[in-house]
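K.L.:
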Amino acid sequence: MSTVNAYAATSADAPLVPATVERREVGPRDVLIEIKFCGICHSDIHHVRGEWGPVTYPVAPGHEIAGVVAEVGPQVTRHAVGDRVGVGCMVNSCRECPPCRSGEEQYCLNGTVFTYGSIDRDGTDTNGGYTTHIVVDEDFVVGIPEGLALDEAAPLLCAGITTYSPLKRWGAGHGKKVAVVGLGGLGHMGVKLAHAMGAEVTVLSQSLKKQADGLRLGADDYYATSDPGTFERLAGTYDIILNTVSAKLDIDAYLSLLALDGAMVNVGAPPEPLSLNAFSVMSRRRSFAGSMIGGIAETQEMLNFCAGHGVGAEIEPIPAEKINEAYERVLGSDVRYRFVIDISTLG
Ligand code: NAP
Ligand code: ZN
Ligand code: ZN
0 MSTVNAYAAT SADAPLVPAT VERREVGPRD VLIEIKFCGI CHSDIHHVRG EWGPVTYPVA
60 PGHEIAGVVA EVGPQVTRHA VGDRVGVGCM VNSCRECPPC RSGEEQYCLN GTVFTYGSID
120 RDGTDTNGGY TTHIVVDEDF VVGIPEGLAL DEAAPLLCAG ITTYSPLKRW GAGHGKKVAV
180 VGLGGLGHMG VKLAHAMGAE VTVLSQSLKK QADGLRLGAD DYYATSDPGT FERLAGTYDI
240 ILNTVSAKLD IDAYLSLLAL DGAMVNVGAP PEPLSLNAFS VMSRRRSFAG SMIGGIAETQ
300 EMLNFCAGHG VGAEIEPIPA EKINEAYERV LGSDVRYRFV IDISTLG
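All residue numbers for the sequence shown refer to numbering that gives the first Met the number 0, where the first residue is 0 and numbers rise by one.
1) Is S117 near ligand 1 - that is, is its Cβ less than 8 angstroms away from at least one heavy atom of it?
2) Going by DSSP in three states, V414 sits in which element: helix, strand or coil?
3) For E199 versus K175, is the C-beta spacing smaller than 9 angstroms?
4) If you draw a straight line from the alpha carbon of V3 to that of R22, how long is it in whole angstroms?
5) For the alpha helix (DSSP H) that contains S42, what are its first and last residues?
6) Going by the C-beta, is A319 closer than 8 angstroms to any heavy atom of ligand 1?
7) Classify H41 as buried or exposed, calling it buried when 16 or more other Cβ atoms lie within 10 Å of its own Cβ.
8) Taking 8 angstroms as the cut-off, is the beta-carbon of I292 closer than that to any non-hydrogen atom of ligand 1?
9) Alpha carbon to alpha carbon, what distance is there between G184 and K35?
10) Taking its Cβ as the centre, do 16 or more other Cβ atoms sit within 10 Å of S10, making it buried, or is it exposed?
11) Does any heavy atom of ligand 1 sit closer than 8 angstroms to the C-beta of A312?
12) CB-CB under 7 angstroms to L24, same chain, minus the five flanking residues each way: which ones, in chain order?
13) Alpha carbon to alpha carbon, how far is V140 from E300?
14) Please find out if some non-hydrogen atom of ligand 1 comes closer than 8 angstroms to the beta-carbon of H45.
15) Are the Cβ atoms of T162 and M188 separated by less than 9 angstroms?
16) Run the CB neighbour count on E145, radius 10 Å, all protein chains shown included, and call it buried at 16 or more, exposed below.
17) Can we count S274 as close to ligand 3, meaning its CB is less than 8 angstroms from some heavy atom?
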């Protein structure tokens, strides 16, 4: 065991504070990573504030981890000391159930071990990337290709894969019209990735404040959802709507924007239930679906795609002491477009 510096939450309603967490000894199949950068995902905020359910405190969140391999166990074959690597939302799974066998470890039937807020195989609580080091089974560590800067790559480990996976599954590409709802951390990656896949992309944001950015990131159109005229104008338009919003939305209003056979894929995870009218999906044979992150192999594929297309996250680097301030800005939809903690400031 070793003790490493961290920023952690100690209760649902207190700010995060400097703390330490324990890391296990490097086992035969483990990789010790010196973390360089960690993105701040809205999920970190939902989790530490107890919005999704009971939480074991203290917890160091963070699942957009980019760093360098510092040590490997004797049986490790996929990574070597000095490699640039990433860890996303998962650090283990059973490896045996059908989803695990088909590379969809995020849907493990026996319980995915998440990067923080889970119980690890050894019975300890997992802690995430707001820390200087992490020890992870090599199978849950991905390589960050040359050409991607580590700070701009960190958010790809959650925001990138969470948008890449459904866009690919629902066929975003040439000739497809994709709307991305919410231009935050996930949303801005959704725009960049759908554009890189060749789709025609529209941003549906609360206001036009970020319109110039949206168009620069690759959107073809940009509309304010606060304007009721938007829903009339765009009725029946989209093949895919990717909802990245962290709060409850009027789902029926968005479903009305889908074309025949169109799908609205929900990746936003508000604590409140969402509801919809059956007729909103029955008419025009629309679907309402959901998607959670992506498997490890697909995460590597996404990183390679990003390197090949020059796609990184648009980031605002911050020192660790600004984490609580950054949380407030995320909650106020004032993020352009991902805060990334410079872990060297944790000492
Ligand atoms: P974020 O950076 O805060 O972005 C969310 C965006 O949603 C905001 O920037 C804002 O965009 C819009 N929004 C916020 N409140 C709204 C409201 N009341 N009404 C309408 N729009 C609103 O958050 P994120 O990190 O991208 O995460 C988004 C959600 O996805 C969170 O719930 C998170 O937990 C979830 N998530 C899910 C997965 C998964 O695997 N499915 C993975 C990661 C995150 P505009 O200002 O443009 O309107
Ligand atoms: Zn996340
Ligand atoms: Zn499994």
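Don't be surprised by glycine CBs; every beta carbon is placed ideally from N, CA and C. All of these numbers come straight from a predicted model, not from anything done at the bench.
P.N.:
Once the coordinates are examined:
1) In this structure, ligand 1 has no non-hydrogen atom nearer than 8 angstroms to the beta-carbon of S117.
2) The structure shown has nothing for residue 414, since the chain only spans 0 to 346.
3) Yes. Within cutoff.
4) Going from the Cα of V3 to the Cα of R22 covers about 7 angstroms.
5) Note, S42: alpha helix (DSSP H), H41 to V47.
6) It does not: the Cβ of A319 is nowhere closer than 8 angstroms to a heavy atom of ligand 1.
7) Around the beta-carbon of H41, 16 or more other beta-carbon atoms lie within 10 Å, marking it buried.
8) At least one heavy atom of ligand 1 is nearer than 8 angstroms to the Cβ of I292, so yes.
9) If I take the Cα positions, the gap works out to 19 angstroms.
10) Taking a 10 Å sphere around the C-beta of S10, we find fewer than 16 other C-beta atoms and assign the residue as exposed.
11) No - ligand 1 has no heavy atom lying nearer than 8 angstroms to the Cβ of A312.
12) Checking the sequence, you will find Glu at residue 24 rather than Leu. Excluding positions up to five away in sequence, the list reads M0.
13) When rounded, the distance between both Cα atoms is 13 angstroms.
14) True, at least one ligand heavy atom lies under 8 angstroms from that Cβ.
15) Yes.
16) So E145 ends up on the exposed side.
17) No, ligand 3 has no heavy atom inside 8 angstroms of this Cβ.
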